[in-house]
Structures are given as C-alpha cells and as structure tokens.
Amino acid sequence: MESLNVYLNNYLIVVVFLLLGILLPVVALGIGRVLRPHKPSEAKATTYESGIDPFHDSRVQFNVRYYMFGLMFVIFDVETVFLYPWAVAYEKLGVFALIEMLIFVIMLVIGLVYAWKKKVLKWT
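Position in the sequence shown (first residue = 1) + 1 = the working numbering.
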C-alpha cells in the first residue's frame, strides 16, 4: 500500500507542475490584457514595412520544398534528442533498449529511403 502512495505522490507532483506550467502563462497574459491601454487607431492597423508604406501584398507563397526540408530537419532533430540520452545511459539500459533504439533508427532510415525514392529531397 505504501508503494502505491509513493507512486501516486510522484504523479501528483507531475500534475501540479503541469497545472502550474499552464496556469502561470495564462494568468500572466490575462493580467497583461486587462492592464494594457487599448486605443485602436488606423495607423496601428496598417502594415509596417521598414518605415514606409508597403508596395504590394505582404502575403508571399513559398515553395513546398522548403516545408519538406524543414520537416525532415525536425524529424532528424527529434531523433537526435532521443538518441543522446539513450547513448548516455546505454550501459544501464541493457539489450532490450538497444533493440528498441535499433527499431527506432531503422524506421527513420526506411522513411528517409522512401522520401529519397519519391524524390522529395530533390530540389530541381
């Protein structure tokens, strides 16, 4: 029974920090919204472009390839975030963790090969 209390106490700490992590920014933004001066004007609603009036619409379309490269970067950056702690604690984790990490890396390599075959990474 005592181990259950310790287990629930650990989760209670996580829940408290999660609530604080959500509540504090919401309260800070709410206080700022209530206390700020609100005086809308036409000058404040205009688009600002280096101190002069804009020449054309500020909406610019980007090539979808930028998004694909950005997405690939994020995927492999997250892979690094997972690999680093695993590499640091590798000796303590054992063979099971090695197999899990190999499966994770193999899945990412399969995704990379698939993207390569579909010519997603080709710029021209």
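Glycine included, each C-beta is placed from N, C-alpha and C at the ideal position.
Note that the structure is a prediction, hence the values are computed from the model and not measured.
Cα-Cα separation between residue i and residue j, rounded to whole angstroms
i, j, result
"Val106", "Val121", "20 Å"
"Gly33", "Phe83", "37 Å"
"Ala116", "Val75", "15 Å"
"Tyr12", "Ile23", "17 Å"
"Gly71", "Ser4", "45 Å"
"Val17", "Ala29", "18 Å"
"Val15", "Lys93", "25 Å"
"Phe77", "Lys45", "41 Å"
"Gly31", "His39", "14 Å"
"Val89", "Asn10", "28 Å"
"Val35", "Tyr8", "41 Å"
"Ile111", "Leu20", "38 Å"
"Gln62", "Thr47", "21 Å"
Backbone secondary structure at residue i - three-state DSSP
i, result
"Phe63", "coil"
"Leu122", "coil"
"Arg34", "helix"
"Lys40", "coil"
"Thr47", "coil"
"Ala90", "coil"
Whole-Å CB distance - residue i paired with residue j, under 8 Å assumed
i, j, result
"Glu80", "Leu109", "6 Å"
"Trp124", "Arg66", "6 Å"
"Met69", "Trp87", "Not really, about 27 Å apart at Cβ, beyond 8 Å."
Residue-level contact to chain B via CB, residue i, 7 Å cutoff
i, result
"Asn10", "No chain B appears in the structure shown, which is made up of a single protein chain."
Closer than 6 Å: residue i CB and nearest the ligand GDP heavy atom
i, result
"Val15", "Within the structure as shown, the ligand GDP is missing, as the structure has no ligands at all."
Chain-order list of residues whose beta-carbon lies under 6 Å from that of residue i (same chain, five-residue window excluded)
i, result
"Leu26", "The identity of residue 26 in the sequence shown is Pro, whereas the question assumes Leu. Correct list: empty, nothing qualifies."
Residues near residue i by beta carbon distance below 8 Å, same chain, minus five either side
i, result
"Tyr91", "Ala98 and Leu99"
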